[in-house]
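First comes the structure, then the notes that go with it.
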Amino acid sequence: MLPGFEAFQSLNPLITRDGYALLERLYTHPCAPRWNEVIGDRFVTEDLAAVAAFRRRLQQWPGATAGQPAYASAPPPSILEWVQQMRQRSPIFRAHILEGFPLARDWAYLPTMSRRDIAERPVDITPMDADLKRLIVYDTTGTTGHAVIVPHHPRTLAFSQALGEYAMGRYGVQPVFGAGRVGCFNIGAQVNTYVFAAIFSVWEQSGFAKINLHPKDWSDGATYEFGESVERARAYVEAFSPEFITSDPVGIAEMLRWEVGHGAKAIFSTAVELSAGLKAQAEARFGCPVIDWYSMTETGPIAFSAPDGDGLEIISPDIFVEAIDEDGFPVGPDKIGELTVTGGRNPYLPLLRYRTGDFGRVANGRIHDLHARKLVFFRAADGALVNPVDIGRIMRLHCAFAQHQFVQQANGACRVRVRPVPGVAVDREGLRRELATLFGEEVDIEVIVDEQLGDGQPGGKVEPYMQHGEI
8 MLPGFEAFQS LNPLITRDGY ALLERLYTHP CAPRWNEVIG DRFVTEDLAA
58 VAAFRRRLQQ WPGATAGQPA YASAPPPSIL EWVQQMRQRS PIFRAHILEG
108 FPLARDWAYL PTMSRRDIAE RPVDITPMDA DLKRLIVYDT TGTTGHAVIV
158 PHHPRTLAFS QALGEYAMGR YGVQPVFGAG RVGCFNIGAQ VNTYVFAAIF
208 SVWEQSGFAK INLHPKDWSD GATYEFGESV ERARAYVEAF SPEFITSDPV
258 GIAEMLRWEV GHGAKAIFST AVELSAGLKA QAEARFGCPV IDWYSMTETG
308 PIAFSAPDGD GLEIISPDIF VEAIDEDGFP VGPDKIGELT VTGGRNPYLP
358 LLRYRTGDFG RVANGRIHDL HARKLVFFRA ADGALVNPVD IGRIMRLHCA
408 FAQHQFVQQA NGACRVRVRP VPGVAVDREG LRRELATLFG EEVDIEVIVD
458 EQLGDGQPGG KVEPYMQHGE I
């Protein structure tokens, strides 16, 4: 499955012979999972310089909580300057900001952006002078929101990796990277997902693997023997001993059940809210900090759980986070509002007061009382759990939509409402058939096209996944 060294350089231009040798070991280990994808970081020499500069900026930054006022009504000068630059380059910034508008004084009067803007008008967001030669199309999982296609750049992921290093440093963790070493494993627990290994140039040719704790990904394809799968997964992770692990609460729960992950210096939990109980259990079992990582595909990393346990620290000086009311006005440091993000590090997706759909308080450079990242599970006809990630994957493959709402009622019946992208038809029967592969043919599944879905709701948003709700 793995191409030869010269062929693989088209995916990973900076890979060395030593890096490729590690990649081969990752792919060919006797206990390796059933790989289904091959990827490269697509990094070039100039990218390394850009990431090095970003790391230096983080090193010089005193941190979000240092010398910050309890409440800021407008972004700092560096963000305001960036917004002014984007007004000259991005159509949506120009539409939202009138010529001569006093940004610092009247920031609260600026219109907000939403997920619908990305779904329906991405060309109005991407800067007109952006070089699209290196564009990567990335779709979100839809775990806590509506899956959308997001334009990405190879550097975007590398900046996130640097931010992960920064967060670990706040916990006193210093990962060691280099040729022959494995920097990170991403561990999931889904019915279907990509499973692959990679080498990251930004980590000095360190290895990476995305693995899935589902028996079929560790079997010979004929049978799904749980015990044998667990033994193979344990042996594989132990053989490469990654410096740290990224996962989500579902994956962490499975790591505990499979007893996989010992030896990591840190574990990141992302996608949805990490409960205090699961965090404590995982830290006790694995003997390392478990860091709650607040991030979105659209925004990149936003904040991480503070080492002192007091909320989440805003992670970088290149974003401005505020909490606003339904009309877009800041609610102040003592009230909960919808979190918005301005700035970011994706050159194809500059954000201006982007509504995340999550709620919390913002004070002293931290986010407190974070709400709306709850994980919802559903049940198939045979009683098996169904992860929203798998529902989102099927929906992305079968229809183009701006929003959706999936509801399972107490009797097991499922209803999914879809607001399609304008001008794009929805294959309702095809979508229903695919969802039935998750839930079982005997489950009543109805697909409804609703072109007004979200109208009249704050920010135009609806809850994407609900249990036992009213349709």
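Okay, so the sequence shown: first residue is 8 according to my numbering, each after it adds one.
All C-beta atoms in this analysis are idealised placements derived from N, C-alpha and C, irrespective of residue type, glycine included.
Small disclaimer: the values here were computed from a predicted structure and weren't measured.
Could you tell me whether the Cβ atoms of residue i and residue j are closer together than 8 Å?
i    : j    : result
I274 : C295 : yes
F311 : I298 : yes
A388 : F446 : yes
V433 : V469 : no
P357 : G351 : yes
Y472 : F408 : no
D210 : Q181 : With the sequence shown as reference, residue 210 is identified as Trp, and Asp is not the correct amino acid for it. No, these two residues do not count as a Cβ contact at 8 Å.
D131 : I99  : yes
K223 : E250 : no
K217 : N193 : yes
P83  : V51  : no
R386 : G419 : yes
V90  : L359 : yes
A242 : G47  : no
Y301 : M120 : no
C406 : I452 : no
A417 : R368 : no
L33  : F247 : yes
Give me the DSSP bridge partner(s) of residue i.
i    : result
M473 : V414
E426 : In the sequence on display, residue 426 carries Arg and not Glu. In the DSSP output, where bridge partners are listed per residue, R426 has Q410.
H159 : I143
G367 : G344
W300 : F311
V456 : V425
K217 : N193, F203
G339 : DSSP lists no partner for G339.
M120 : Y361
F2   : Outside the displayed span of the chain (8 to 478) sits residue 2, for which this structure offers no information.
Using alpha carbons as the reference points, say which of the options lies closest to residue i.
i    : options                : result
A60  : A204, V469, A165, Q410 : A165
Q16  : C38, T347, R49, L33    : R49
S213 : T444, T23, E449        : T23
R373 : P134, E320, I125       : E320
V58  : P10, P98, T163, S282   : T163
V144 : T253, E305, R435       : E305
V279 : V383, I401, E238, F12  : V383
Q190 : F207, A111, N199       : The residue asked about is misnamed: residue 190 is Gly in this sequence, not Gln. The residue with the shortest Cα to Cα distance from G190 is F207.
G26  : G11, C38, A39, P37     : G11
L220 : Y201, G195, E235, Y243 : G195
W42  : D138, P109, P134, S226 : S226
E172 : Q66, H160, V202        : Q66
L392 : G176, E261, V45, K342  : E261
T277 : D341, G270, I309, H375 : I309
Q410 : T444, L438, E458, E436 : E458
P161 : L18, Y201, W114        : L18
To the nearest angstrom, how far is it from the Cα of residue i to the Cα of residue j?
i    : j    : result
D136 : R96  : 7 Å
P256 : G318 : 18 Å
G339 : S85  : 22 Å
E245 : F233 : 18 Å
T151 : T253 : Low local confidence applies: a pLDDT of 47 at T151 is under 50, so the model's placement there is unreliable, with the coordinate-based value given in what follows. The alpha-carbon atoms of T151 and T253 are separated by roughly 18 Å.
G344 : L170 : 25 Å
F184 : V267 : 21 Å
P354 : L377 : 27 Å
A287 : G316 : 12 Å
G461 : P118 : 18 Å
A158 : T349 : Rather than Ala, the amino acid found at residue 158 in this sequence is Pro. Going by the C-alpha atoms only, they are around 17 Å apart.
I478 : M402 : A caution first: I478 carries a pLDDT of 42, below 50, which makes its placement in the model too unreliable to give a value.
A186 : R122 : 39 Å
Y178 : P69  : 15 Å
G284 : A28  : 40 Å
R188 : T35  : 16 Å
Y116 : D332 : 12 Å
D138 : M93  : 15 Å
Q474 : A56  : 48 Å
C38  : V237 : 10 Å
Q263 : A313 : Checking the sequence, you will find Leu at residue 263 rather than Gln. Each residue's alpha carbon lies about 23 Å from the other.
F203 : L30  : 10 Å
T133 : R63  : 27 Å
E449 : Q197 : 22 Å
P109 : L87  : 10 Å
H375 : E290 : 22 Å
Please tell me whether, using a cut-off of 7 Å, the distance from the CB of residue i to the nearest non-hydrogen atom of the ligand GDP is below it.
i    : result
D376 : The model on display carries no ligand, and the ligand GDP is accordingly not part of it.
Q. Any contact of the stretch 387-400 with the stretch 426-435, i.e. 3+ C-beta pairs under 8 Å?
A. By the Cβ criterion, the stretch 387-400 is not in contact with the stretch 426-435, since fewer than three pairs of Cβ atoms, one from each stretch, lie closer than 8 Å.
The stretch 103-114 contacting the stretch 65-74, beta-carbon criterion three pairs below 8 Å
These segments do not touch.
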